[in-house]
Amino acid sequence: MNIAVLSCIHGNLEALEAVLREIDQQDVDQIYCLGDLVGYGPYPNEVVARIRALNIPTCQGCWDEDIVDGLNACDCSYPSLLAETRGHRAHEWTNREVTLETRTYLASLPLILQQENLCFVHGSPHSQHEYLLPDTSAFVALERVLFTGADTLFCGHTHIPYVRHLENSHLTLKVASPSTQSPTYSSNTPSSLKHIINAGSVGEPRHGRPNATYVIYNTDAQQVKLREVEYDFTKTCAAILEKGLPAIFAWRLSKGLEYAEKADDPTHVCER
Amino acid sequence: MITVVAGPCGAGKTTWILQELAQMPTPAVYVTPGVGTVPIDATRVTARFPKVEIFHRQPETELLQRLSAGIPVYFELGFQLETDIPLLENRPHRRVALVAQENRDAGWQLWANAVIQGNQSTLDLQAAQMWRAPLSGQVFDPPSLDTFWQELTQGAYGEVHRAKGIFELADGQAFHFDFVNSLPGSAYTELNLPRWVQGRPNRFSGIEVVGQGLDEGAIATTLKDCYLSDSLLASYQASLQDSHSLEVA
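Chains as they are written, first to last, in the numbering used here: chain A, 1 to 272; chain B, 1001 to 1249.
1) Using only alpha-carbon positions, find the residue among B:Tyr-1236, B:Glu-1082, B:Ile-1017, B:Gln-1080 that is nearest to Val-1197 of chain B.
2) I'd like the span of the alpha helix (DSSP H) that includes Asn-95 of chain A, first residue to last.
3) For the 8 Å Cβ check, are there 3 or more pairs between the stretch 1046-1057 of chain B and the stretch 1101-1118 of chain B?
4) At a CB-CB cut-off below 9 Å, which residues of chain B make contact with Pro-205 of chain A?
5) Quick check: the stretch 56-70 of chain A against the stretch 235-255 of chain A, are at least 3 beta-carbon pairs closer than 8 Å?
6) Name the residues in the stretch 231-252 of chain A whose C-beta lies less than 8 Å from a C-beta of chain B; which are they?
7) In whole angstroms, what is the alpha-carbon distance linking Val-1031 of chain B and Ala-1187 of chain B?
8) Would you list, in sequence order, the uninterrupted alpha helix (DSSP H) runs of no fewer than 4 residues that lie entirely inside the stretch 1056-1130 of chain B?
9) For Leu-71 of chain A, would you say it is in contact with chain B, using Cβ-to-Cβ distances shorter than 8 Å as the test?
10) Measuring only the C-alpha atoms, how far is Phe-1179 of chain B from Gly-1165 of chain B?
11) Mind checking Arg-164 of chain A: buried by the 16 CB within 10 Å criterion, or exposed?
12) Spell out whether any CB of chain A is found under 8 Å from the CB atom of Ser-1144 of chain B.
13) Under DSSP, the beta strand (DSSP E) around Lys-194 of chain A begins and ends at which residues?
14) Which one of A:Val-48, A:Arg-50, A:Glu-228 has the shortest CA to CA distance from Tyr-162 of chain A?
15) For the putative contact between Ile-196 of chain A and Val-145 of chain A, defined by C-beta atoms under 8 Å, what is the C-beta separation to the nearest angstrom?
16) Is it right to say Gln-128 of chain A is buried, meaning 16 or more other beta carbons lie within 10 angstroms of its own, or is it exposed?
17) Tell me the residue span of the beta strand (DSSP E) that contains Thr-1046 of chain B.
18) Relative to the alpha-carbon of Phe-1167 of chain B, which residue among B:Val-1139, B:His-1161, B:Glu-1151 has its alpha-carbon at the smallest distance?
19) To which residues of the same chain is Ile-112 of chain A closer than 8 Å at the C-beta, ignoring the five residues directly before and after it?
20) So what's Leu-1232 of chain B in DSSP terms, helix, strand or just coil?
21) Which residue's Cα is closest to the Cα of Leu-1145 of chain B: B:Val-1160, B:Ala-1028, B:Phe-1175, B:Leu-1191?
22) Give the C-beta separation of Arg-50 of chain A and Leu-106 of chain A to the nearest angstrom, bearing in mind that I take them to be a contact with Cβ-Cβ under 8 Å.
23) Please return the same chain residues whose Cβ sits closer than 7 Å to the Cβ of Pro-1142 of chain B, not counting the five positions on each side in sequence.
24) Would you say Gln-128 of chain A lies against chain B (beta-carbon separation less than 8 Å)?
25) Compile a chain-ordered list of the residues in the stretch 1207-1220 of chain B whose CB is closer than 9 Å to at least one CB of chain A.
26) DSSP on Ala-1156 of chain B, reduced to helix/strand/coil?
27) Please return the same chain residues whose Cβ sits closer than 7 Å to the Cβ of Gly-98 of chain A, not counting the five positions on each side in sequence.
28) Thr-213 of chain A and Gly-200 of chain A - do their beta-carbons sit closer together than 8 Å?
29) Give me the DSSP bridge partner(s) of Gly-1206 of chain B.
30) Taking 8 Å as the threshold (C-beta atoms), are Leu-1098 of chain B and Gly-1012 of chain B in contact?
31) Which residue wins for smallest C-alpha separation from Arg-1066 of chain B, given the options B:Pro-1027, B:Ala-1133, B:Phe-1148?
32) Taking the beta carbon of Arg-206 of chain A as the centre, do at least 16 other beta carbons fall within 10 Å, making it buried, or is it exposed?
33) Given a threshold of 16 other Cβ atoms within 10 Å of its Cβ, counted over all protein chains shown, does Pro-110 of chain A qualify as buried or as exposed?
34) For the stretch 1163-1192 of chain B, which residues have a beta carbon sitting closer than 9 Å to at least one beta carbon of chain A?
35) For Ala-15 of chain A, collect the residues of the same chain with a Cβ closer than 8 Å to its Cβ; drop the 5 residues on either side in sequence, then sort them by chain order.
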């Protein structure tokens, strides 16, 4: 069975349509979406309508949560004052733009989707705001996968796709104690190999090119394809300007630099 | 002796003068006309050579006094200025042009006593735009400033040929940022100035951008988004003082 996994569309309808057209040609049985349907981009309602129309199982992203609950991000979400200011401007614009129907749908999204031994989240199983980066400590990364009970965890949020194999899935935890007998906790996992697959971003890439990225995964062969799709990003850039979003969003999109900024601390683990 | 240094935008005039100053005993005089309230190069020279006297708005008579005392004078002409200077008429001086091979023409050869290899300039003087802003008293959030500078030099606010600035950072350091579009990357140099860890710095900082089609409003607005507020600055400085106290203890 082939599945396609999309993430971080961010109101970029042009990019979403291009990815859906490519998926149509890829013998895909099921599409999953990891959230962040809205935020920064010019077509939040249209993107939500398209995902709903296709009945794509979707989990809630950090932007989807913030539009529903109001800005409630943890301090680690913005790597700089400039990113925070831009994030707030994008939030105010999106908050004015989204319809009640869109907001209601975003509120209804689950935080985690599970399909047999596959798990789908936006950031991590602990929070939509937490970054699982390629160099997040192996201990933390493995804990996040084990928490779900799945063998393969699909995530997004970083806007850069990657595949990570966690080979040492036997966790031994020693707890220091004043007593002479320190307890030891062990966890054996059914499979010796766990995987984290990051789907990148359809609508707001940060790999230095404007192309949309997503993932195709073959569940039988456990084969991963990180896909990159060219689309007419100049249409999205023009819409950003027409709709009154900051012009710098269009420039960053055209460079594949994401509208905000990269999280500065790759080892940071959000404790929100 | 007066040395007049000229050349296209970003040729490396100040850098050459700094190299000259490093090889001679002080005192010396550095003159930068036409910089108004944004004396970036003069501040850079002062930070490196505190005993070099800076002239950019003083009366001509004071400069003539230094000359008659035999103090060497370096006269840097910005690319936008005329090379004919009334003060220099009938006074012995040497003319140095910093020019890349690609930018050499008969004009520079005729004007200069010595032509030295400089950085290439692709600036179209007819369409050139220069934007300057004093930033004294403003302190920057370092990652915000980094993002702004990357965007500026990569063309987010228009085609930038040359950008330089002196910025105060949250940890009390002042940095010189330097970008020339014919050279790879930007140079970031910490200025040899005391760390300013109490309140807003009462010394010069500022920015100069030269290019074409610059969106000056967007540059100014983005810069403002990188400023630390009074409360954030106080918080940074309090934590700096705490860490300093811990180190001393």
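All C-beta atoms, glycine included, are put in the ideal place defined by N, C-alpha and C.
Straight from the coordinates:
1) Residue B:Tyr-1236 is the option with its Cα nearest to Val-1197 of chain B.
2) Annotation: the continuous alpha helix (DSSP H) that includes Asn-95 of chain A extends over 81-97.
3) The answer is no - the stretch 1101-1118 of chain B does not touch the stretch 1046-1057 of chain B, with fewer than three Cβ pairs under 8 Å.
4) Here the premise fails: no neighbours, minimum Cβ distance about 16 Å.
5) They do not touch, by the three-pair rule.
6) Per Cβ criterion, the list reads Ala-247, Ile-248, Trp-251, Arg-252.
7) C-alpha separation (whole angstroms): 23 Å.
8) Those alpha helix (DSSP H) runs which fall completely within the stretch 1056-1130 of chain B and span 4+ residues are 1060-1068, 1106-1111.
9) By this cut-off, Leu-71 of chain A is not an interface position.
10) Taking the straight line from one Cα to the other gives about 9 Å.
11) Buried, by the Cβ-count rule.
12) Chain A, which has a Cβ nearer than 8 Å to the Cβ of Ser-1144 of chain B, makes this yes.
13) Secondary structure note for Lys-194 of chain A: its beta strand (DSSP E) is the uninterrupted segment 194-198.
14) If we check each option's Cα against that of Tyr-162 of chain A, A:Glu-228 comes out closest.
15) Right, the Cβ-Cβ distance comes to about 6 Å (below 8 Å), so this counts as a contact.
16) Buried, by the Cβ-count rule.
17) It is not in any beta strand (DSSP E) - Thr-1046 of chain B instead sits in the alpha helix (DSSP H) that spans 1040-1048.
18) Nearest neighbour of Phe-1167 of chain B by Cα position, chosen from B:Val-1139, B:His-1161, B:Glu-1151, turns out to be B:Val-1139.
19) Around Ile-112 of chain A: Cys-59, Cys-119, Phe-120, Val-121, Pro-125, Thr-148.
20) The answer is helix: DSSP assigns Leu-1232 of chain B an H, G or I state.
21) Considering only B:Val-1160, B:Ala-1028, B:Phe-1175, B:Leu-1191, the residue with the shortest C-alpha distance to Leu-1145 of chain B is B:Phe-1175.
22) Contact doesn't hold; Cβ gap of about 14 Å is too wide.
23) If we look at Pro-1142 of chain B and ignore the five residues flanking it on each side, its Cβ neighbours are Leu-1169, Ala-1170.
24) With 8 Å as the cut-off, Gln-128 of chain A does not count as an interface residue toward chain B.
25) From the stretch 1207-1220 of chain B, only Asp-1215, Ala-1218 have a Cβ closer than 9 Å to chain A.
26) Here Ala-1156 of chain B sits in strand by DSSP.
27) Checking the sequence, you will find Val at residue 98 of chain A rather than Gly. The beta carbon of Val-98 of chain A is closer than 7 Å to those of Val-38, Pro-44, Asn-45, Ile-67 in its chain, skipping five residues each way along the sequence.
28) Yes, Cβ-Cβ distance for Gly-200 of chain A and Thr-213 of chain A is below 8 Å.
29) Paired residues: B:Pro-1134, B:Ile-1166.
30) Going by C-beta atoms, Gly-1012 of chain B is nearer than 8 Å to Leu-1098 of chain B.
31) Comparing Cα positions, the closest option is B:Pro-1027.
32) The C-beta of Arg-206 of chain A has 16 or more other C-beta atoms within 10 Å across all chains shown, which makes the residue buried.
33) Using a 10 angstroms sphere on the CB of Pro-110 of chain A, the tally of other CB atoms stays under 16, which defines it as exposed.
34) Those would be none; no residue qualifies.
35) The residues are Ile-9, Val-202, Gly-203, Ala-212, Val-229, Tyr-231, Phe-233, Thr-236.
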